[in-house]
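Sequence positions in the sequence shown follow this note's numbering and run 137 to 480.
Ideal placement from N, C-alpha and C gives every residue a C-beta, glycine not left out.
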Amino acid sequence: MSLTLVPSPVWPMEPASSSVVATRMAWYAAVARLAPSKHNTQPWRFVVCGSSLEVWPDPRRMLPETDPDHRELIISCGAAVHLACVAARALGHQPAVTMLPDGAGGCLARLVEVGPWEISERDRELLACIPTRRTDRGPLDGGALPPGLPFLLQSAAAVEGASLRLVSTPGDRSTLVGLVERADRLLVKRGRVDEELAGWLRAPGDPRKDGVPTDHTRGAAASYRAEFVQRDFSTPGSRPAQDRPGIDRPVVGVLCTSNDRQADWLVAGRALGAVLLCAAAAGAHASYLNQPIEESAIRNEMCSALSLTGQAQLVLRLGMGGKVEATPRRDANRVTFHTDGNAG
Ligand SMILES: Cc1cc2nc3c(=O)[nH]c(=O)nc-3n(C[C@H](O)[C@H](O)[C@H](O)COP(=O)(O)O)c2cc1C
């Protein structure tokens, strides 16, 4: 399955519209850009198009070695769509999203407001969690999660049309440990995977506002000692700031969708956004074990070995964590463009 990543005909953009709705749309984009993305590539462009907000993929931010089909790129954009919806509701507007409204080569999603929304305390709480949520690769204690939270996380995924399958039996858990380790080893062996990652690593003091800081990791040694091997972002001499003492027994779940097309990847991203914010609102942290997703043979093996009912899109660790620094984002005006809605 391939995605045609062509620039929108509306680029370069016209000056910002001054309408009130367009101003709100630009604010939703500013919130949406805080979404997680693989290697913090931030592979999106937001286009305020009259009274709608379009989310476009950014072809310069693809990862051909580990994400040749753009699955994780689209999942990242889906998470951004979810955050835009949270922003709209917290401002009292009901969002409606059309996914892939113009087919292949068009924008990934178009958001419009369809009426007023009665703002709840929960809407405000979720919005407040967006800038404080972080990926925590350190020890996570799943046993200390508030009772009932795993069920709430599953419900959050279900509302978005996905399912979060918790890997709870010891047998399934050790099967997943083995699959993650095998996929990690295969990825590490492919030289170009390292090269691709190196392009997104940021040493302390690097002024760029994308990529992963080399201290936002647990370090290879600690990661290989842990139950689940995690992707390592360290470089020689860097300080693995997320290597801290603590119980490391995360709840582990696989986020699944019913099919495996671009629309399903957007659903997975929207569900990821919902799960992460639900966890953050309960004070819980999350991180990723996505190596098996990136090795298609292992991904298939995982689906059958764990008897997953759907298509695996993300593997998540969840639990109570520690202090984690924020990972930078590009400024809103670098990722948001405006058109009057009549172009194209
Ligand atoms: C689709 C997707 C896949 C990801 N895969 C991994 C992964 O395998 N390992 C990892 O440590 N982080 C992974 N991440 C997390 C990103 O590295 C993280 O979101 C990004 O660096 C921004 O940091 P933040 O989430 O703390 O804001 C993934 C994120 C997304 C959306």
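query	result
L452 and Q366 closer than 8 Å at C-beta	no
Per-residue DSSP class, three states only, for H175	helix
Between the CA atoms of I429 and G405 - distance to the nearest angstrom	14 Å
Proximity winner among S370, Q398, M438 and I255, relative to G242 (alpha-carbon distances)	Q398
Straight-line gap, A462 to N395 (C-alpha atoms, nearest Å)	33 Å
Which of helix, strand or coil DSSP assigns to V365	coil
Pair within 8 Å by beta-carbon distance, L170 and L219	yes
Buried/exposed call for D342, threshold 16 Cβ in 10 Å	exposed
Where T445 falls, given that 16 or more other Cβ within 10 Å makes a residue buried	exposed
Distance, T475 Cα to L391 Cα	35 Å
Buried or exposed by the 16-neighbour rule on C-beta atoms within 10 Å, applied to K174	buried
Identity of the residues DSSP links to P193 by a beta bridge	W180
Spatial distance of D330 from V403 (CA atoms)	29 Å
Three-way DSSP call (helix, strand, coil) for V348 in this model	strand
N-terminal and C-terminal residue of the alpha helix (DSSP H) that R101 is part of	The structure shown does not extend to residue 101, since the chain is modelled only from 137 through 480, so no value can be given for it.
Short Cβ contact (8 Å threshold) for V411 with F182	no
Check: P428 C-beta below 7 Å from any heavy atom of ligand 3	The model on display carries ligand 1 but not ligand 3.
Simplified DSSP assignment, three categories, for H206	coil
Short Cβ contact (8 Å threshold) for P252 with H229	yes
Sheet register partners of F287 (DSSP bridge)	Beta-bridge pairing links F287 to no other residue.
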